[in-house]
Amino acid sequence: MSHVPFQVLAKPVSAACNLSCRYCYYRNRSGREAAPRMRPRTLEAFVRQTIEASPHAPEVQFIWHGGEPTLAGIGFFREAVALQERCRPPGTRIVNALQTNGTLIDSDWTAFLAEHDFLVGVSIDGPAHFHDRLRRYAGGAASHAQALRAIDRLARADVEFNTLTVVHRLNYAHGREVYRFLRRIGTAHMQFIPLVERLRPDGGLAAPPPADAGSALAPWTPPREGFGRFLCDVFDDWLKRDVGRIFVQLFEERVASLAGLPARLCVFATDCSSTPILESNGMLYSCDHYAYPAYRLGEICETPIVEMVRGERQRGFGSAKVDRLPRICATCEFLKACYGGCPKHRFVVAGPGELENYLCPSYRGFFKHTAPALAAFANAIRVSGG
Numbered sequence: 161m162s163h164v165p166f167q168v169l170a171k172p173v174s175a176a177c178n179l180s181c182r183y184c185y186y187r188n189r190s191g192r193e194a195a196p197r198m199r200p201r202t203l204e205a206f207v208r209q210t211i212e213a214s215p216h217a218p219e220v221q222f223i224w225h226g227g228e229p230t231l232a233g234i235g236f237f238r239e240a241v242a243l244q245e246r247c248r249p250p251g252t253r254i255v256n257a258l259q260t261n262g263t264l265i266d267s268d269w270t271a272f273l274a275e276h277d278f279l280v281g282v283s284i285d286g287p288a289h290f291h292d293r294l295r296r297y298a299g300g301a302a303s304h305a306q307a308l309r310a311i312d313r314l315a316r317a318d319v320e321f322n323t324l325t326v327v328h329r330l331n332y333a334h335g336r337e338v339y340r341f342l343r344r345i346g347t348a349h350m351q352f353i354p355l356v357e358r359l360r361p362d363g364g365l366a367a368p369p370p371a372d373a374g375s376a377l378a379p380w381t382p383p384r385e386g387f388g389r390f391l392c393d394v395f396d397d398w399l400k401r402d403v404g405r406i407f408v409q410l411f412e413e414r415v416a417s418l419a420g421l422p423a424r425l426c427v428f429a430t431d432c433s434s435t436p437i438l439e440s441n442g443m444l445y446s447c448d449h450y451a452y453p454a455y456r457l458g459e460i461c462e463t464p465i466v467e468m469v470r471g472e473r474q475r476g477f478g479s480a481k482v483d484r485l486p487r488i489c490a491t492c493e494f495l496k497a498c499y500g501g502c503p504k505h506r507f508v509v510a511g512p513g514e515l516e517n518y519l520c521p522s523y524r525g526f527f528k529h530t531a532p533a534l535a536a537f538a539n540a541i542r543v544s545g546g
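First residue of the sequence shown? That's 161 in the numbering used here, and the numbers climb one at a time after it.
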C-alpha cells in the first residue's frame, strides 16, 4: 500500500507554558506527564530520523510546538539547527517552523529566528478584548500587548510569520472585526482553528470520544454553527478586497479540494495519521489531540519514528476516520470536502451507535456559502494545470 506522508510536531518542553490559557487542551488535560526540556539524545534521534525519513526530498520541515517551545531556550534551538546541518544531505533544504504565544520573543530571539529563516506562527485571538479574557499569565496578567510586540519585532526583522487565531465563544460572532484587526497589524497569512472542548463532571477536560461520554460542552466553545459563521464573515470581507494579497489557510484548503488536489490539513483528509506528536521525553503519540496512554506509539530512541508511523496501530488510527463515519455523512453533499472532520469532535449523537461531528453545521454552512467564488478559483487552477 502507498504510505501517507507525515509531519511530526515536536514539543521540546511538552506542555510547559508561561501562560495559563483557560481553554488550553494540552496543558489542562488529565493524566499529563511532567517532562523536562528535551534531552540531547532525544533531540539528535528526532533530527536524524526525520531527515532519514525523506532521503530524496528537496525539503525537510521541522515543526516546533508546545506548550511554549521558546521555554526550551535559544541554546536548544541552536543545537537543533547544528544537528540539522550535520545530518542534512547535499541539496536538501531544511525548514523550521515555530508556533509561539510570542511573549518571550525579544531582540535575541528575533535575531536568531531571522538568521536561520524560521517561519513563526504567533497565537493571537484578535483584538485585546477577545484575546486577554482567555489568554492570560498564571497570575492573571494579560498577554495581548506582548503578542503584538512580538509580531512587530518579527515584521521589522523580515522574519516570515503567520497568525493562529482560536475561534471561541467570545469572538465567533465577530469575524470581520477579528479579520480586519489581523490585517491591520500586518498579517498576510492567517490560520483559524475552532475551539471545541468538553468538560467531565469533575471539571477536567474530556478525552476524545468515545471516552467521557457524559461530558458537557466547555463554556468557551461556540455554538455548532458558530465557526462557520465566523469563516463566512471573514470570507465576505476577504473576497471584496484581499484576494491574492491575504492568504487564509481554510480558504486555500477548500480551493485545493475543489480543484481535485489532496487535502493538506488532516481534519479534511481521508486519513488522519499524518501528524503524530513527539513529547519532550521522546514518546510519540498518534495525534496532538490524542496524547493519551492509549495512543502512545513508543519511544523514538528505542523504535524509529518511521517504523511507528508506518506501523499497524497508527495506520489503524488514521483509517478509522473514514471507517467509522456515521451514516449521515454518506448522504452529505460535502462528504469529500471534510470526510467527517476531526474524530475528536464526533460526539453528537446522530443515531443508534453513531456520533456526528459537532462542527458539521459550521462546515456545511461555510462550504455552501463560499462555493460559487471558490469553485471559480479552483477552475482557474485546473485550467492552468497548477
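Don't be surprised by glycine CBs; every beta carbon is placed ideally from N, CA and C.
As the structure is a computational prediction, the values presented were derived from the model and not from experiment.
Rounded C-alpha distance that separates residue i from residue j
{"i": "residue 331", "j": "residue 202", "result": "39 Å"}
{"i": "residue 235", "j": "residue 217", "result": "28 Å"}
{"i": "residue 428", "j": "residue 434", "result": "12 Å"}
{"i": "residue 238", "j": "residue 398", "result": "38 Å"}
{"i": "residue 161", "j": "residue 423", "result": "Any reading at residue 161 is ruled out, since the residue's pLDDT is 41, under 50, leaving its predicted position unreliable."}
{"i": "residue 329", "j": "residue 378", "result": "10 Å"}
{"i": "residue 432", "j": "residue 532", "result": "28 Å"}
{"i": "residue 311", "j": "residue 358", "result": "32 Å"}
{"i": "residue 302", "j": "residue 343", "result": "22 Å"}
{"i": "residue 395", "j": "residue 373", "result": "35 Å"}
{"i": "residue 547", "j": "residue 187", "result": "The shown model of the chain, from 161 to 546, leaves out residue 547, and the question about it has no answer."}
{"i": "residue 520", "j": "residue 211", "result": "37 Å"}
{"i": "residue 462", "j": "residue 333", "result": "48 Å"}
{"i": "residue 496", "j": "residue 268", "result": "46 Å"}
{"i": "residue 360", "j": "residue 251", "result": "51 Å"}
{"i": "residue 215", "j": "residue 259", "result": "26 Å"}
{"i": "residue 175", "j": "residue 232", "result": "11 Å"}
{"i": "residue 223", "j": "residue 319", "result": "16 Å"}
{"i": "residue 184", "j": "residue 376", "result": "16 Å"}
{"i": "residue 171", "j": "residue 381", "result": "25 Å"}
{"i": "residue 457", "j": "residue 363", "result": "28 Å"}
{"i": "residue 173", "j": "residue 229", "result": "6 Å"}
{"i": "residue 242", "j": "residue 317", "result": "22 Å"}
{"i": "residue 410", "j": "residue 492", "result": "20 Å"}
{"i": "residue 169", "j": "residue 488", "result": "32 Å"}
{"i": "residue 270", "j": "residue 389", "result": "36 Å"}
{"i": "residue 443", "j": "residue 339", "result": "37 Å"}
{"i": "residue 446", "j": "residue 401", "result": "40 Å"}
{"i": "residue 421", "j": "residue 530", "result": "18 Å"}
{"i": "residue 474", "j": "residue 348", "result": "35 Å"}
{"i": "residue 315", "j": "residue 490", "result": "46 Å"}
{"i": "residue 199", "j": "residue 534", "result": "46 Å"}
C-beta contact flag for residue i and residue j at 8 Å
{"i": "residue 325", "j": "residue 306", "result": "no"}
{"i": "residue 448", "j": "residue 460", "result": "no"}
{"i": "residue 341", "j": "residue 286", "result": "yes"}
{"i": "residue 451", "j": "residue 486", "result": "no"}
{"i": "residue 345", "j": "residue 308", "result": "yes"}
{"i": "residue 522", "j": "residue 197", "result": "no"}
{"i": "residue 166", "j": "residue 469", "result": "yes"}
{"i": "residue 295", "j": "residue 177", "result": "no"}
{"i": "residue 494", "j": "residue 527", "result": "yes"}
{"i": "residue 337", "j": "residue 525", "result": "no"}
{"i": "residue 393", "j": "residue 335", "result": "yes"}
{"i": "residue 323", "j": "residue 265", "result": "no"}
Unbroken alpha helix (DSSP H) run spanning residue i, endpoints
{"i": "residue 241", "result": "234-247"}
{"i": "residue 265", "result": "Element bounds for residue 265: n/a, residue is neither H nor E."}
{"i": "residue 475", "result": "472-483"}
{"i": "residue 413", "result": "409-418"}
{"i": "residue 539", "result": "520-544"}
{"i": "residue 306", "result": "304-316"}
{"i": "residue 487", "result": "487-490"}
Limits of the unbroken beta strand (DSSP E) element including residue i
{"i": "residue 335", "result": "Segment 335-344 is the alpha helix (DSSP H) holding residue 335; no beta strand (DSSP E) there."}
{"i": "residue 353", "result": "349-354"}
{"i": "residue 404", "result": "No beta strand (DSSP E) holds residue 404; DSSP gives it neither H nor E."}
{"i": "residue 463", "result": "It is not in any beta strand (DSSP E) - residue 463 carries neither H nor E in the DSSP assignment."}
{"i": "residue 371", "result": "Careful: residue 371 lies outside any beta strand (DSSP E) and carries neither H nor E."}
{"i": "residue 324", "result": "321-327"}
{"i": "residue 444", "result": "443-445"}
{"i": "residue 209", "result": "First-last for residue 209: 200-212, but that is the alpha helix (DSSP H), not the beta strand (DSSP E)."}
{"i": "residue 223", "result": "219-224"}
{"i": "residue 506", "result": "506-511"}
{"i": "residue 257", "result": "253-260"}
Assumed close pair residue i, residue j - CB separation to whole angstroms, cut-off 8 Å
{"i": "residue 321", "j": "residue 356", "result": "That belief does not hold up - the Cβ atoms of residue 321 and residue 356 are roughly 26 Å apart, past 8 Å."}
{"i": "residue 387", "j": "residue 354", "result": "4 Å"}
{"i": "residue 254", "j": "residue 220", "result": "6 Å"}
{"i": "residue 465", "j": "residue 213", "result": "7 Å"}
{"i": "residue 369", "j": "residue 506", "result": "6 Å"}
{"i": "residue 365", "j": "residue 263", "result": "Contact flag wrong, Cβ pair sits at about 23 Å."}
Discussion item. Quick test of the definition: if touching needs 3 or more C-beta pairs under 8 Å, does the stretch 241-252 touch the stretch 204-224?
Written reply: yes
Worksheet item: Counting pairs of beta carbons, one from the stretch 507-515 and one from the stretch 532-546, are three or more of them closer than 8 Å?
Response: no
Discussion item. Can you confirm whether the stretch 497-505 touches the stretch 472-483 when touching is taken to mean that 3 or more C-beta pairs between the two stretches lie within less than 8 Å?
Written reply: yes
Worksheet item: If we count Cβ pairs, one from each stretch, closer than 8 Å, do we get three or more for the stretch 520-538 versus the stretch 408-415?
Response: yes
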